[in-house]
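Trainee: Those letters in the sequence shown? Residues 51 to 210, by the numbering used here.
The structure under discussion is supplied below as structure tokens; questions concerning it will follow.
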Amino acid sequence: MRSVFLFRAGESTATAARLDRLMPGRGGYWSDGKLFIDLMDEQDDHLFPGWTPEDVRLLDSALGHRPDWALLVSVSGHMDGTAEIRALVSHVLEAGGVAIDDCSDRCWTLEEIGTGCRVDGLGFFDFRTHAARHGHRPGTVARASSGRQVQCSDREGSPG
Numbered sequence: 051m052r053s054v055f056l057f058r059a060g061e062s063t064a065t066a067a068r069l070d071r072l073m074p075g076r077g078g079y080w081s082d083g084k085l086f087i088d089l090m091d092e093q094d095d096h097l098f099p100g101w102t103p104e105d106v107r108l109l110d111s112a113l114g115h116r117p118d119w120a121l122l123v124s125v126s127g128h129m130d131g132t133a134e135i136r137a138l139v140s141h142v143l144e145a146g147g148v149a150i151d152d153c154s155d156r157c158w159t160l161e162e163i164g165t166g167c168r169v170d171g172l173g174f175f176d177f178r179t180h181a182a183r184h185g186h187r188p189g190t191v192a193r194a195s196s197g198r199q200v201q202c203s204d205r206e207g208s209p210g
């Protein structure tokens with residue numbers, strides 16, 4: 051499974067209503083058989099376990115506040131999922147927010163995703179490039195490390 055966290059501007063109830071119109075779901079969980087989406091919140095105390103303090107600081111800085119909810123979107127390793135994840139991100143983040151994927155330590159805005167922004171040669175959800183760099187199969191992902199350079203005008207290869 052590959053994962054993307056979506057931190058959307060606004061209330062979780064508005065996002066849940068949007069997802070209800072988009073795909074089947076119930077009780078904070080949605081799936082169309084390709085994407086598996088879980089609404090996570092700080093009240094359940096399971097939003098940031100496993101996150102490093104630096105990762106949380108990067109998120110806080112990108113959003114200007116500490117979010118109290120997020121969507122965790124999982125994509126099966128049995129399919130590419132790039133088009134599906136991009137369509138969902140486009141739908142969910144149109145009012146603002148950021149996405150964080152397994153391949154980079156980066157808070158991606160919708161504009162960066164849409165324009166093919168690359169950071170150290172990686173685009174958003176660029177699991178193939180990431181896997182090749184780390185000697186993994188594309189379905190297995192090791193978390194990226196810090197120390198990156200942003201090149202948003204560089205469109206080397208196809209994004210993601």
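Note that beta-carbon positions come from the ideal geometry of N, C-alpha and C, so glycine has one too.
Can you tell me whether D82 is buried or exposed, with buried defined as 16 or more other CB within 10 angstroms of its CB?
Mentor: Answer is exposed; the Cβ neighbour count stays below 16.
Trainee: For F50, which three-state DSSP category applies?
Mentor: In the structure as shown, the chain begins at 51 and stops at 210. Residue 50 is therefore absent and cannot be evaluated.
Trainee: For L56 and V142, I'd like the C-alpha separation in whole angstroms.
Mentor: Taking the straight line joining both Cα atoms gives about 8 Å.
Trainee: When the Cα of F175 is compared with those of R136, S126 and R116, which residue comes out closest?
Mentor: Minimum Cα distance to F175 is reached at R136.
Trainee: Please say whether L122 and D7 have beta carbons closer to each other than 8 Å?
Mentor: Residue 7 is absent from the model: the chain starts at 51 and stops at 210.
Trainee: Is the Cβ-Cβ distance between L85 and E134 less than 8 Å?
Mentor: Result yes, Cβ atoms of L85 and E134 sit closer than 8 Å.
Trainee: As an exercise, report each continuous alpha helix (DSSP H) stretch of at least 4 residues that is fully enclosed by the region 53-87, in chain order.
Mentor: You should have 62-72.
Trainee: Please classify R107 as buried or exposed, where buried requires at least 16 neighbouring CB atoms within 10 angstroms.
Mentor: Answer is exposed; the Cβ neighbour count stays below 16.
Trainee: Taking the straight line between their C-alpha atoms, what separation do you get for S126 and A64?
Mentor: Approximately 26 Å between the Cα atoms of the pair.
Trainee: Between the alpha carbons of D155 and R168, how many angstroms are there, rounded?
Mentor: Taking the straight line from one Cα to the other gives about 12 Å.
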